[in-house]
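Q: The structure is given below, and queries will be raised subsequently.
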Amino acid sequence: MGLLLVPEVSRAFPENVAVDSGTRIQSNTRATHLTRDDNRFRALLAVVTNDVVIHTQLVNYVIAALAPHTTTTSTTSTSTTLVPNIVYFYNFSRSETPQTNEIGSAFNMVVDGAVFNSGVGGHYVYDGINDNMDSATAMSEVSVANAFTISCWMKPNDRTDNYQTCIAVSHSSANRIILGTGSDADRFLAAIYDGSYTVDGGDWNMINGKWYHLLMTHTAANVVNLWVNGTNQTGSASASTASTVGTTFGNRTSESFQALDGSMDELVIVSEVVSDANVQVLYQAGSVTKP
11 MGLLLVPEVS
21 RAFPENVAVD
31 SGTRIQSNTR
41 ATHLTRDDNR
51 FRALLAVVTN
61 DVVIHTQLVN
71 YVIAALAPHT
81 TTTSTTSTST
91 TLVPNIVYFY
101 NFSRSETPQT
111 NEIGSAFNMV
121 VDGAVFNSGV
131 GGHYVYDGIN
141 DNMDSATAMS
151 EVSVANAFTI
161 SCWMKPNDRT
171 DNYQTCIAVS
181 HSSANRIILG
191 TGSDADRFLA
201 AIYDGSYTVD
211 GGDWNMINGK
221 WYHLLMTHTA
231 ANVVNLWVNG
241 TNQTGSASAS
251 TASTVGTTFG
261 NRTSESFQAL
271 DGSMDELVIV
281 SEVVSDANVQ
291 VLYQAGSVTK
301 P
């Protein structure tokens, strides 16, 4: 996802337009140049040119487009300001291996078969067989002992395939986390396994080729909640996990096991349970460019 180009304030703002970071955003009298690492985009809210306040719709689109990339930068580290306490952020906007954590400590994910697609700001496509991104290390923050949030976008190619995985983290046979789809078509699920399953699921009339925002929260007291497109789910689902230690995107192990047949984008992991308001922030930040 990148910045948005608007030739002039008076022109209607097109939907689902994404261009590269650093693109100039123009009013009818002057241009304001914002880049990926520029945290001053909120100043647009107060910009007036020739006594015309920048159109509210433009401001909303700019905020939504920039939010996943809005950062404060030092010489040694970069931290996000989208929501507090993000520890991992994979934007998937570039074709590269490994995919690197763009926030905080290094955590590389080796691309194994997943194919980069430059559409809608960039995302990766998985074949539903053995494509994945993986690390032999489990993310320490994503554990049954910790509070955390996982947020990502997924687009199914074949919604009838059961148990499609967006992200799986396994520390041991009794410390596993999964976010994806369940045993029934059209059902999303979020689950942890600590000797028994704690699951939250939700029925959804999934459409092939449509993007969905999935968000999982887990408290240190083992309460699991699933949100789909900003809506809290209250259903149940049958869960299954793999005990191979590590972290995997698009599959439950580094091999073929309940793989994602579709696309994934913008994976964010937060080291706490985000507020209901910040669930909406994460959802709205990506929804502008997801057809």
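Heads up, the sequence shown is in my numbering, so the first residue is 11 and it goes up one at a time. Here a beta-carbon is modelled for each residue, glycine too, at the ideal position from N, C-alpha and C.
By Cβ distance, which residues of its chain are closer than 6 Å to G205, with the 5 residues on each side in sequence left out?
A: Residue numbering aside, residue 205 sits at position 195 when the sequence shown is read from its first letter. Taken in chain order, the residues that qualify are A184.
Q: From which residue to which residue does the beta strand (DSSP E) around G190 run?
A: Residue mapping note: residue 190 aligns to position 180 of the sequence shown, counting from 1. Residues N185 to T191.
Q: By Cβ distance, which residues of its chain are closer than 7 Å to D171, with the 5 residues on each side in sequence left out?
A: Taking the first residue of the sequence shown as position 1, residue 171 is located at position 161. So the qualifying residues of the chain are G138 and D271.
Q: Closest to E106 by C-alpha separation, out of T229, G123, L92 and I113, would be which residue?
A: To locate residue 106, count along the sequence shown from 1; it is residue 96. Nearest option by C-alpha distance: G123.
Q: Could you name the residues of the same chain whose beta carbon sits closer than 7 Å to that of D213, not counting the 5 residues immediately before and after it, in chain order?
A: Along the sequence shown, read from residue 1 onward, the residue named residue 213 stands at position 203. Result list for D213: D196, R197 and G245, in chain order.
Q: When you compare only the Cα positions, how much space is there between V283 and F126?
A: For the purposes of this step, residue 283 is identified with residue 273 of the sequence shown, where counting begins at 1. For the purposes of this step, residue 126 is identified with residue 116 of the sequence shown, where counting begins at 1. Roughly 30 Å between the two C-alpha positions.
Q: Output the distance between the C-alpha atoms of L224 and D210, rounded to the nearest integer angstrom.
A: Here the question's residue 224 lines up with position 214 in the sequence shown. Here the question's residue 210 lines up with position 200 in the sequence shown. One C-alpha to the other measures close to 12 Å.
Q: Can you find the residues in the same chain that come closer than 6 Å, C-beta to C-beta, to R50, ignoring five residues on each side of it along the sequence?
A: Within the sequence shown, the letter at position 40 stands for residue 50. The predicted position of R50 is uncertain, since its pLDDT is 33 and thus under 50; a value taken from the coordinates is nonetheless stated next. Excluding positions up to five away in sequence, the list is empty.
Q: Alpha carbon to alpha carbon, how far is Y207 from K287? Give it in angstroms, no decimals.
A: Within the sequence shown, numbered from 1, the residue matching residue 287 stands at position 277. Within the sequence shown, numbered from 1, the residue matching residue 207 stands at position 197. Checking the sequence shown, residue 287 turns out to be Ala, not Lys. So the two alpha carbons sit approximately 28 Å from each other.
Q: Counting only the same chain and skipping the five closest in sequence on each side, list residues whose C-beta sits under 6 Å from that of A146.
A: In the sequence shown, the residue the question calls residue 146 occupies position 136. A distance below 6 Å between beta-carbons, with the five flanking residues on each side excluded, links A146 to the following residues of its chain, in chain order: G256.
Q: Relative to the ligand NAP, is the shortest distance from any of its heavy atoms to the C-beta of A157 smaller than 7 Å?
A: What this structure holds is no ligand at all, so the ligand NAP is not there to describe.
Q: Do F117 and S281 count as a contact pair if the criterion is CB distance below 8 Å?
A: Along the sequence shown, one-based indexing puts residue 281 at 271. Along the sequence shown, one-based indexing puts residue 117 at 107. Taking 8 Å as the Cβ cut-off, S281 and F117 do not qualify as a contacting pair.
Q: Where does the unbroken beta strand (DSSP E) through A178 begin, and where does it stop?
A: Working through the sequence shown from its first residue, we reach residue 178 at position 168. Element bounds for A178: T175 to S182.
Q: On the DSSP bridge assignment, give the partners of W237 in chain order.
A: Reading the sequence shown from its first residue, position 227 is the one you call residue 237. When DSSP reads this structure, W237 sits in a beta bridge with L225 and N242.
Q: Suppose the cutoff is 6 Å on Cβ atoms and the five residues either side in sequence are ignored; what does the same chain contact list for Y136 look like?
A: For the purposes of this step, residue 136 is taken as the residue at position 126 of the sequence shown. For Y136, same chain residues with a beta-carbon under 6 Å away, outside a window of 5 residues either side, are A124, G260 and L270 in chain order.
Q: Using the Cβ count rule (16 or more neighbours within 10 Å means buried), how would you classify D168?
A: Counting from 1 along the sequence shown, the entry for residue 168 is found at position 158. So D168 ends up on the exposed side.
Q: Report yes if the C-beta distance between P108 and V120 is below 8 Å; otherwise report no.
A: Translated into the one-based positions of the sequence shown, residue 108 becomes position 98. Translated into the one-based positions of the sequence shown, residue 120 becomes position 110. One thing to note: P108 has its Cβ within 8 Å of the Cβ of V120.
Q: Between the Cα of E151 and those of K300, H228, P166 and V298, spot the shortest distance and give me the residue it belongs to.
A: Locating residue 151 in the sequence shown gives position 141, where the first residue counts as 1. That would be H228, whose Cα lies nearest to the Cα of E151.
Q: Do C176 and G192 have their C-beta atoms within less than 8 Å of each other?
A: Taking the first residue of the sequence shown as 1, we reach residue 176 at position 166. Taking the first residue of the sequence shown as 1, we reach residue 192 at position 182. No. Outside cutoff.
Q: Is DSSP giving D144 helix, strand or coil here?
A: As a first step, residue 144 must be located in the sequence shown, where it is residue number 134. DSSP places D144 in strand when its eight states are reduced to three.
Q: Counting only the same chain and skipping the five closest in sequence on each side, list residues whose C-beta sits under 6 Å from that of W221.
A: As a first step, residue 221 must be located in the sequence shown, where it is residue number 211. Cβ within range, chain order: W163, K165 and K300.
Q: Is A200 helix, strand or coil when you go by DSSP?
A: Counted from its first residue, the sequence shown places residue 200 at position 190. Residue state, collapsed to three classes: strand.
Q: Drop a sphere of 10 angstroms on the beta-carbon of S161, count the other beta-carbons inside from all chains shown, and report buried for 16 or more, exposed for fewer.
A: Mapped onto the sequence shown, residue 161 falls at position 151. Buried: at least 16 other Cβ atoms inside 10 Å.
Q: Give me the residue from I113, H181 and D275 with the minimum Cα distance to P94.
A: Counting from 1 along the sequence shown, the entry for residue 94 is found at position 84. When each option's Cα is compared against that of P94, the closest is I113.
Q: Which same chain residues end up closer than 6 Å to Q268 when comparing Cβ atoms and leaving out the 5 residues on each side of it in sequence?
A: Along the sequence shown, one-based indexing puts residue 268 at 258. Cβ-Cβ distances below 6 Å link Q268 to Y173, T175 and R262 in the same chain, with the five nearest sequence neighbours on each side left out; the list follows chain order.
Q: Quick one: residues in its chain with C-beta nearer than 6 Å to the C-beta of T110, no 5 flanking neighbours on either side, listed in chain order?
A: In the sequence shown, counting from the first residue as 1, residue 110 sits at position 100. Here the set comprises N118.
Q: What is the DSSP secondary structure of L277, counted as helix, strand or coil?
A: Counted from its first residue, the sequence shown places residue 277 at position 267. Three-state DSSP puts L277 in a strand.
Q: Find the nearest neighbour of M226 within the set G219, T241 and G129, judged by alpha-carbon distance.
A: What you label residue 226 is simply residue 216 of the sequence shown in a count that begins at 1. When each option's Cα is compared against that of M226, the closest is T241.
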